[in-house]
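Single-structure report; data block below.
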Amino acid sequence: MSRVFWFGILACLILSLLACSESTTKPKTESLVYQVGRCQHSAGIAALAEDSCFTATFTKNLLVDLCLVANCCPDTNRFALSTLINSDTILITVADTASSLCDCLCNYKVRAEFQNLPLLQYLVLCSYNDSIIYREIVMREN
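FYI, the numbering for the sequence shown is 8 to 149, going by this note's numbering.
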């Protein structure tokens, strides 16, 4: 009877310790990348040559905005967009999938959002039609 009693106490103690342990699973990093609106006629193409048009805000989440120059027609759903995170490097890939149907160029804005990033600093690369057009180090703000 005494062995059964002590075995029961030991089993209860082990179960209570296991129930109180902290979870070691980290939330999965999530990303979303999309074209913001249509052609940005108000921002001149010349301005893109002077200013990189890359902005990043990194507090809890990372928000990246970047500009691209592409043909005016069609001005919606013209890009294939994807992201890849490898250690401390984030690659945003943009491919222009639409035909050049008009004799004009437009500025387009692309936004990438990242949640649950574990590190404090990342190298953000943007590839547009197989060329790296942005290469920026982004640090988490306090």
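Ideal placement from N, C-alpha and C gives every residue a C-beta, glycine not left out.
List the residues that DSSP assigns as beta-bridge partners of residue i.
{"i": "F121", "result": "S38, L69"}
{"i": "I144", "result": "L130"}
{"i": "A116", "result": "For the record, residue 116 in the displayed sequence is Lys; it is not Ala. DSSP, once it has assigned bridges, lists V43, C74 as partnering K116."}
{"i": "D103", "result": "F86"}
{"i": "S94", "result": "Answer is none; S94 lacks a bridge partner."}
I'd like to check one pair, residue j with residue i: are the Cβ atoms closer than 8 Å?
{"i": "V117", "j": "Q47", "result": "no"}
{"i": "A77", "j": "I99", "result": "no"}
{"i": "I97", "j": "F65", "result": "no"}
{"i": "Y115", "j": "L70", "result": "no"}
{"i": "N136", "j": "A102", "result": "yes"}
{"i": "L112", "j": "C79", "result": "yes"}
Given a threshold of 16 other Cβ atoms within 10 Å of its Cβ, counted over all protein chains shown, does residue i qualify as buried or as exposed?
{"i": "C133", "result": "buried"}
{"i": "I127", "result": "It should be noted that the sequence gives Leu, not Ile, for residue 127. Exposed, by the Cβ-count rule."}
{"i": "C109", "result": "exposed"}
{"i": "L39", "result": "exposed"}
{"i": "N149", "result": "exposed"}
{"i": "R142", "result": "exposed"}
{"i": "L73", "result": "buried"}
For my contact list, residue i and residue j are in at a C-beta cut-off of 8 Å; report their separation, rounded to the angstrom.
{"i": "I144", "j": "L130", "result": "6 Å"}
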